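Input: a single structure, listed below in C-alpha cells.
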Amino acid sequence: MINVDKLKKDFPIFERKINNLPLTYLDSGATSQKPQQVLDAMNMIYTNSNANVHRGTYVLSAETTEAYENVRNKCKEFINAPSSDEIIFTRGTTDGYNLLAKALTSKRLDPGDEILLSEIEHHANIIPWQLVAKEHDLKIKYVDVDDTYELNLEDLSKKLSKKTKIVSLTGESNISGTIPNIKKINSLVRESSDAIFIIDGAQLVPHRAVDVQDMGIDFITFSGHKMLGPTGIGVVWGKRELLDELEPVSGGGDMIEEVYFDSAKWAPVPHKFEAGTPPYVEAIGLGAAIDYLNNLGMDNVENHSDQLRNYGIKLLEQIKDLNIIHSRADQAGSTFSLYMEGVHATDLSVMLDTYGVAVRAGHHCVQPFHRKLGVDATFRATCYVYNQESDLDNLKDSIEKSLEILV
Ligand code: PMP
C-alpha cells in the first residue's frame, strides 16, 4: 500500500497553490512530478562532484563516471535485463525510436519489407518508421484496435508474414491505458515471422514491474521523465547480439575505440550508441527515481494504479454523456481520455484549471487513432503514485461544475 499523504511530502510541487487551490495533478502521462530525492541527487552532482564522464583521471570525474555507470546497472535490474552493457542511454523514448528505426533499417531491412505497428501507437512509434519507410521503400501496416480499445490479435496474426521485419507496439497506451498481452503477441510474432519485436515502454515502465526476458521481446524504449526522473534522459534496452550487429546512427566523441583520418573503429556497446557528452546528471537523477520506485515497490505502484483505475471508471461513468476511452480488460493503466459531444476538450480543460485540476487536452500524439474514432480532441486524466481517490473526486466535481457553465 502506498501512503499518499506521506509520499506527497517528498514532492515540493504539491506545496504550490493554483488559483489559491491545492494542485490536482492528473497529467503524469505527459510528465511526472519529481521527488526531492531526485532533485537532491542532481543538485549534489553539480555542487559536489561535477566533471565530465569517461574522460578525467581525477577524483571528480571518477566519482561522476561511477555514479553514471551505476545507473546503467540500476536500469538493468529495474527491467531485468541480462547485462548493463545492453542499456543505452538516450534523450527519451522518441530519441530511442529514432535510433532504432535508423539503425535497424540500415542493417536489417530491404525495400518491400514490412513494419507492423498498431492503430493506437504514439507518434514516437509512428513517425520514425515513416521517415525510414519513405527513404527505403518499406511498407507500414497497422494492427486494428477494436471498439473496446484492445489490439485485435486475429488481425495481428493476419498481418504478420515473412515480410514483416519489425513489430513495434505500445506496452501501455497513453490514451486508453490498454496493456496488450505482450507474451502472447511475442509467440505469434515468433511463429509467423523473423521480425524484431519492440515495445514502447514510455507508459509501461513507470507503472508496472517489467521483465524484458520474461516478455521475450528484443527491444524496449522508455523515458526518465515519466517515472519521477528528469527530462532529457531515457533508455533503449536491446538484446546484446542485435546491438552488436547494428551500426551507430550518431557519431562523435566517446563512441569510438580508434579514430584515423579516414576511418574509425567503434567502441563496444553501449558506448557506440552514445556519442558526445551524455546527460550524466539527468542519468543520475533517473537513478534516484529508480531507487525511489524500488523503495515503494513496483508491486505497490501497480496495485495503486489499479485501485485508482477502478475508482476512476466508476466515478467518471456517473457523469452523464461523458465518453470514456479506456480499456475494460483485467489489466490496464489508470489513463482516461474523455470527451463530450458539443464541448471542446480545450475549453473544458481550461475550466478545470480554474479549479486547480491539471489535465491535458488534444490528441496526445495519437492523432491517427483519434481520427479513426472521429474525435479531434479529448481531455485526458492520468494518475501516478502521488494521486489518490480525492484527486479523481476533484476531477469529477470540476467537470460537472464546468459543464454547468459550458453547456
Ligand atoms: N510513447 C508513449 C506511449 C508516450 O506516452 C510518450 C509520451 N507521451 C512517448 C512515447 C514519447 O515519450 P517522450 O516524449 O518522452 O520521448
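The numbering used here applies: residue 1064 is where the sequence shown begins, and numbers increase by one. Built from N, CA and C at the ideal position, the CB exists for glycine as well. For clarity, every value in this text was computed on a predicted model and none was experimentally measured.
Query                                                                                                                                     : Result
Beta-carbon spacing of serine 1256, histidine 1389 below 7 Å                                                                              : no
Lysine 1383, buried or exposed, once every other Cβ within 10 Å from all chains shown has been counted against 16                         : exposed
Cα-Cα separation, isoleucine 1242 to leucine 1305                                                                                         : 26 Å
Whole-angstrom distance between glutamate 1452 and lysine 1072, CA atom to CA atom                                                        : 17 Å
Chain-order list of residues whose beta-carbon lies under 8 Å from that of alanine 1196 (same chain, five-residue window excluded)        : Ile1178, Lys1202 and Ile1203
Cysteine 1446 versus glycine 1360: straight-line alpha-carbon distance, rounded                                                           : 17 Å
Threonine 1157 Cβ short of 6 Å to the ligand PMP heavy atom set                                                                           : yes
Burial state of lysine 1246, where buried means 16 or more other Cβ atoms lie within 10 Å                                                 : exposed
Buried/exposed call for asparagine 1357, threshold 16 Cβ in 10 Å                                                                          : exposed
Proximity of glutamate 1337 and phenylalanine 1074 at Cβ, strictly below 7 Å                                                              : no
Cβ separation of aspartate 1148 and valine 1332, assumed to be a contact under 8 Å, to the nearest whole Å                                : 5 Å
Beta-carbon spacing of alanine 1424, alanine 1444 below 7 Å                                                                               : no
Contacts around aspartate 1416, its chain only, beta-carbon distance under 8 Å, and the 5 residues preceding and following it disregarded : Ile1081 and Asn1082
Near the ligand PMP: glutamine 1193 beta-carbon under 6 Å from a heavy atom                                                               : no
CA-to-CA distance, methionine 1107 to phenylalanine 1432, given in whole angstroms                                                        : 43 Å
Proximity of leucine 1214 and serine 1181 at Cβ, strictly below 7 Å                                                                       : yes
7 Å CB neighbourhood of aspartate 1410 in its chain, flanking five on each side removed                                                   : Leu1469
Test item: CB-CB of isoleucine 1347 and alanine 1130 under 7 Å                                                                            : yes
Local conformation of asparagine 1386 per DSSP, three classes                                                                             : strand
Among Ser1397, Glu1365, Thr1157 and Gly1279, the one whose alpha carbon lies nearest that of leucine 1379                                 : Ser1397
Under 7 Å between C-beta atoms of alanine 1421 and aspartate 1090                                                                         : yes
Proximity test, glutamine 1266 beta-carbon vs the ligand PMP heavy atom, cut-off 6 Å                                                      : yes
Cβ contact check for the region 1153-1163 and the region 1260-1280: 3 or more pairs under 8 Å                                             : yes
For leucine 1201, the three-state DSSP class (helix, strand or coil)                                                                      : coil
Distance CB(methionine 1318)-CB(lysine 1302) smaller than 7 Å                                                                             : no
Check: aspartate 1263 C-beta below 6 Å from any heavy atom of the ligand PMP                                                              : yes
Same chain only: Cβ atoms within 7 Å of isoleucine 1150, ignoring 5 sequence neighbours per side                                          : Arg1135, Cys1138, Lys1139, Ala1144, Val1298, Trp1300 and Pro1333
Contact under 7 Å by Cβ, glycine 1339 with glycine 1314                                                                                   : no
Asparagine 1237: CB within 6 Å of a non-hydrogen atom of the ligand PMP                                                                   : yes
Heavy atom of the ligand PMP within 6 Å of alanine 1421 beta-carbon                                                                       : no
Beta-ladder partner(s) of methionine 1414, from DSSP                                                                                      : In the DSSP output, where bridge partners are listed per residue, methionine 1414 has none listed.
Completely contained beta strand (DSSP E) runs for the region 1165-1223, where each covers 3 or more residues                             : 1177-1181 and 1202-1206
Beta strand (DSSP E) segment containing phenylalanine 1285, residue limits                                                                : 1282-1286
Limits of the unbroken beta strand (DSSP E) element including leucine 1232                                                                : 1227-1233
Simplified DSSP state of arginine 1423, which is helix, strand or coil                                                                    : strand
For glycine 1301, the residue or residues it bridges with in DSSP                                                                         : Phe1282
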